[in-house]
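Peer 1:
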Ligand SMILES: Nc1ncnc2c1ncn2[C@@H]1O[C@H](COP(=O)(O)OP(=O)(O)OP(=O)(O)O)[C@@H](O)[C@H]1O
Ligand SMILES: [Mg+2]
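Residue numbers (our numbering): -9 to 355.
Printed below as a string of structure tokens:
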């Protein structure tokens, strides 16, 4: 090669550095589907170190189902062709929707391997589901607020009257207990209207920079006794150096608590409650995520469609069906997102994700 040509073309190491720096996941794979090169964004997305992946099956690395054309040794790897396709990548608790495509390396008729490109598409996939959930209940919100007010107003009068009558009864009157019971029922209605109002008009105020870990720890402390009584082991896997996010701490604590309580509800005879936190970079933004995983019953497809609907409950008279509606509202008011999936190993996992303000992008890990 002449000197001019050499200076005009890229040095091999420079070309490699360009591939390394590409802002989407990039891998070179062999015809067997083994990794030969992985760039930095791929490392970040898959949470691996490139040098440790060389020679390993890309399908395994991407967390793909073993069967089918994209499984280990599948036909896609042999042909090295994959039109843009969304795939669900599941590796342990980690889950991503990846937008993947592959083009052959070398001659298309006799490729030497493939160039695999992928990016996190979870944001748009999850977004559609989230919007559907919001649409489902936005109309119910206003009605709920009116109902809550209308129920609540006469309650105060009823309570005062009962308490007045109580003072008029002789000390030993058996009616006293009946009135006590009536007051307990009133407490229940009052709690219900409080929930209803919180659902209809979530009060988000006083946003303050907070570490999601502090909130998670408070929630776990709050439920520690109940978990122990049920034989549920709690495991906190809270990430280090998470960026701070502006939150109404009391409200987010409530949202997370509702989700953790649900997890305990489905593990009456013990199990494992895992609460983890991490920061994550999507294509267009960074976010802090907190996930609650249980080893309970999981959620059937039919139920999963409705679980954020106000008053939807499978717990009979034990639940009002507002816990998740409230959680969804609170997270939405923070510009955040909430998603649920069944875990491949059983149980369900809820993820709450809060976007970082622009100026903080790039902060933290
Ligand atoms: N971790 C979970 N595993 C399985 N099912 C769940 C889980 N979390 C929620 N669900 C389902 O979603 C339904 C709605 O939950 P939500 O918290 O809104 O109401 P609830 O728990 O029934 O009542 P409450 O208003 O007292 O919270 C539950 O009844 C249950 O069927
Ligand atoms: Mg609940």
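Just so it is clear, CB atoms sit at the ideal spot from N, CA and C, and this is done for glycine as well. None of the values given here were measured: they were computed from a predicted structure.
Check the C-beta distance from residue 176 over to residue 148 and give it rounded, since I have them as a contact under 8 Å.
Peer 2: 6 Å
Peer 1: For residue 70, name the three-state secondary structure that DSSP assigns.
Peer 2: coil
Peer 1: May I ask you to report which of helix, strand or coil DSSP gives residue 163?
Peer 2: coil
Peer 1: Using only the heavy atoms of ligand 2, determine whether one of them is closer than 6 Å to the beta carbon of residue 252.
Peer 2: yes
Peer 1: Can you tell me which of the three DSSP states residue 199 falls into?
Peer 2: strand
Peer 1: Can you tell me whether residue 324 is buried or exposed? The criterion is at least 16 other CB atoms within 10 Å of its CB, across all chains shown.
Peer 2: With 16 or more other Cβ atoms within 10 Å, it is buried.
Peer 1: Once you ignore the five residues that flank residue 112 on each side, which residues in its own chain have a CB closer than 6 Å to its CB?
Peer 2: 86 and 87
Peer 1: For residue 143, count neighbouring Cβ atoms within 10 angstroms of its own Cβ and tell me buried if that reaches 16, exposed if not.
Peer 2: exposed
Peer 1: Quick check: the Cα distance between residue 63 and residue 266, rounded to an integer number of angstroms?
Peer 2: 33 Å
Peer 1: By DSSP, does residue 29 sit in helix, in strand, or in coil?
Peer 2: coil
Peer 1: Mind the definition here: the stretch 18 to 25 touches the stretch 39 to 53 only if three or more C-beta pairs lie below 8 Å; say whether that holds.
Peer 2: yes
Peer 1: For residue 94, collect the residues of the same chain with a Cβ closer than 7 Å to its Cβ; drop the 5 residues on either side in sequence, then sort them by chain order.
Peer 2: 70, 71, 101 and 104
Peer 1: When the distance is taken between beta carbons, is residue 270 closer than 7 Å to residue 225?
Peer 2: Going by C-beta atoms, residue 225 is not nearer than 7 Å to residue 270.
Peer 1: Could you tell me which residues DSSP pairs with residue 277 in its beta bridges?
Peer 2: 270 and 345
Peer 1: To the nearest angstrom, how far is it from the Cα of residue 262 to the Cα of residue 223?
Peer 2: 5 Å
Peer 1: Along the chain, which unbroken stretches of the beta strand (DSSP E) at least 3 residues long are found entirely within the stretch 245 to 324?
Peer 2: 261 to 271 and 276 to 283
Peer 1: Excluding sequence positions up to five away, which residues of its chain have a Cβ less than 6 Å from the Cβ of residue 77?
Peer 2: 88 and 90
Peer 1: Looking at C-beta atoms only, is the number of pairs between the stretch 167 to 182 and the stretch 149 to 156 that lie closer than 8 Å three or more?
Peer 2: Put simply, the stretch 167 to 182 touches the stretch 149 to 156. At least three CB pairs are less than 8 Å apart.
Peer 1: Taking three-plus beta-carbon pairs below 8 Å as touching, is the stretch 227 to 243 in contact with the stretch 189 to 202?
Peer 2: yes
Peer 1: What did DSSP end up calling residue 193 once you bin it into helix, strand or coil?
Peer 2: coil
Peer 1: Taking residue 110 as part of the beta strand (DSSP E), name the residues at either end of that continuous run.
Peer 2: 100 to 110
Peer 1: What span of residues does the alpha helix (DSSP H) with residue 399 cover, start to end?
Peer 2: Because the chain in this structure spans residues -9 to 355, residue 399 falls outside the shown range and cannot be described.
Peer 1: With respect to 6 Å, is the separation between the Cβ of residue 245 and the closest non-hydrogen atom of ligand 1 below this value?
Peer 2: It does not: the Cβ of residue 245 is nowhere closer than 6 Å to a heavy atom of ligand 1.
Peer 1: Indicate the three-state DSSP secondary structure (helix, strand or coil) for residue 147 in the structure shown.
Peer 2: helix
Peer 1: Just checking residue 262 against ligand 1 - is the residue's beta carbon closer than 6 Å to any of the ligand's heavy atoms?
Peer 2: Flag unset: Cβ of residue 262 not near ligand 1.
Peer 1: Verify whether the separation of the beta carbon atoms of residue 187 and residue 138 is less than 7 Å.
Peer 2: yes
Peer 1: I'd like the span of the beta strand (DSSP E) that includes residue 95, first residue to last.
Peer 2: 84 to 97
Peer 1: Specify, as a first and last residue, the run of the beta strand (DSSP E) that residue 227 falls within.
Peer 2: According to the DSSP assignment, residue 227 belongs to the beta strand (DSSP E) that extends over 222 to 228.
Peer 1: With the cut-off set at 7 Å, would you say residue 314 and residue 294 are in Cβ contact?
Peer 2: no
Peer 1: Taking the straight line between their C-alpha atoms, what separation do you get for residue 328 and residue 243?
Peer 2: 14 Å
Peer 1: If we count the other Cβ atoms within 10 Å of its Cβ and call it buried at 16 or more, is residue 221 buried or exposed?
Peer 2: By the neighbour-count rule (16 or more Cβ atoms within 10 Å), residue 221 is not buried but exposed.
Peer 1: Would you mind stating whether residue 311 and residue 302 have Cβ atoms separated by less than 7 Å?
Peer 2: yes
Peer 1: Short check: CB of residue 281 to CB of residue 341, under 7 Å?
Peer 2: Yes, the Cβ-Cβ distance between residue 281 and residue 341 is below 7 Å.
Peer 1: Taking all protein chains shown into account, decide if residue 319 is buried (16 or more other Cβ within 10 angstroms of its Cβ) or exposed.
Peer 2: It is buried - the Cβ of residue 319 has at least 16 other Cβ atoms within 10 Å.
Peer 1: Whose C-alpha, out of 134, 96, 250 and 165, is nearest the C-alpha of residue 182?
Peer 2: 134
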